[in-house]
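Take 49 as the starting number for the sequence shown in this note's numbering and just add one per residue.
Here a beta-carbon is modelled for each residue, glycine too, at the ideal position from N, C-alpha and C.
This report refers to the structure that appears directly beneath it.
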Amino acid sequence: MAPRSTVFRVRLNLSDMDRSYYSDIELTMAMHPSENEERLMLRLAAYCWHASDRLAFAKGMIDPNEPELWEKSLAGEVETWIDVGQPDEKTILRACGRSRQVVLYHSRGNPALWWDTVANRVAKARNLAVYHVGPEQVAHLATLASKSMDLSATIQDGELWVRSVTAEALVIRNRLN
Numbered sequence: 049m050a051p052r053s054t055v056f057r058v059r060l061n062l063s064d065m066d067r068s069y070y071s072d073i074e075l076t077m078a079m080h081p082s083e084n085e086e087r088l089m090l091r092l093a094a095y096c097w098h099a100s101d102r103l104a105f106a107k108g109m110i111d112p113n114e115p116e117l118w119e120k121s122l123a124g125e126v127e128t129w130i131d132v133g134q135p136d137e138k139t140i141l142r143a144c145g146r147s148r149q150v151v152l153y154h155s156r157g158n159p160a161l162w163w164d165t166v167a168n169r170v171a172k173a174r175n176l177a178v179y180h181v182g183p184e185q186v187a188h189l190a191t192l193a194s195k196s197m198d199l200s201a202t203i204q205d206g207e208l209w210v211r212s213v214t215a216e217a218l219v220i221r222n223r224l225n
């Protein structure tokens, strides 16, 4: 029998002062058996940075043709494609062709090692934004993970503060391109 995903329930009070977006959100997130809490929480941070009424989790962990998150128009077209990790240039270009905007979040080690190998090949993609989040920040964010989370998130000047009753984490994204 294959291992099952672990379900996390999130109550999120989000205050995005950069975009004047404020919302109380209830999310159900599945952590794939091959995923760890750091990656799960990086997906949550990406959700916070891009939160909207149409933003939804996709099947990125199990379907290579879908991102981690996406925002679709009312007509079903992909407006924003958000992914986490180190996709190859073919995957990046395919995503850029399928959506109006593509946003990638990288958090492993030195971003230059991965980005330098794909940057020249995806330079023509004008709808691509690539961010690096330090692994130590993601590790600290992962300490907030529990199967039932009650979190408060504040975004100001591009910085994301995530707080629980017992701890808080600062997450800063640095643009690579």
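Boundaries of the beta strand (DSSP E) in which residue i is found, first to last residue
{"i": "residue 229", "result": "A question about residue 229 goes unanswered here, because the residues of the chain that appear run from 49 up to 225."}
{"i": "residue 86", "result": "From DSSP, residue 86 is part of no beta strand (DSSP E) but of the alpha helix (DSSP H) over 85-98."}
{"i": "residue 191", "result": "Segment: none, residue 191 is in no beta strand (DSSP E) and carries neither H nor E."}
{"i": "residue 80", "result": "Taken as a continuous stretch (DSSP letters only), residue 80 belongs to no beta strand (DSSP E), as it is neither H nor E."}
{"i": "residue 109", "result": "Looking at the DSSP string, residue 109 is not in any beta strand (DSSP E), and its letter there is neither H nor E."}
{"i": "residue 208", "result": "207-211"}
{"i": "residue 155", "result": "Unbroken run through residue 155: none, as it is neither H nor E."}
Rounded C-alpha distance that separates residue i from residue j
{"i": "residue 216", "j": "residue 100", "result": "23 Å"}
{"i": "residue 187", "j": "residue 145", "result": "33 Å"}
{"i": "residue 133", "j": "residue 153", "result": "6 Å"}
{"i": "residue 67", "j": "residue 206", "result": "10 Å"}
{"i": "residue 61", "j": "residue 70", "result": "8 Å"}
{"i": "residue 109", "j": "residue 151", "result": "16 Å"}
{"i": "residue 114", "j": "residue 107", "result": "6 Å"}
{"i": "residue 218", "j": "residue 94", "result": "13 Å"}
{"i": "residue 64", "j": "residue 128", "result": "18 Å"}
{"i": "residue 111", "j": "residue 53", "result": "15 Å"}
{"i": "residue 125", "j": "residue 176", "result": "17 Å"}
{"i": "residue 158", "j": "residue 78", "result": "27 Å"}
{"i": "residue 56", "j": "residue 181", "result": "22 Å"}
Where the alpha helix (DSSP H) through residue i begins and ends
{"i": "residue 57", "result": "Residue 57 -> not in any alpha helix (DSSP H); beta strand (DSSP E) instead, spanning 54-64."}
{"i": "residue 168", "result": "159-170"}
{"i": "residue 137", "result": "137-146"}
Buried versus exposed, by CB contacts within 10 Å (16 or more), residue i
{"i": "residue 221", "result": "buried"}
{"i": "residue 119", "result": "buried"}
{"i": "residue 155", "result": "buried"}
{"i": "residue 135", "result": "buried"}
Does the pairing of the stretch 85-98 with the stretch 193-212 give three or more beta-carbon distances under 8 Å? yes
Between the stretch 165-172 and the stretch 180-200, do at least 3 Cβ pairs fall closer than 8 Å? no
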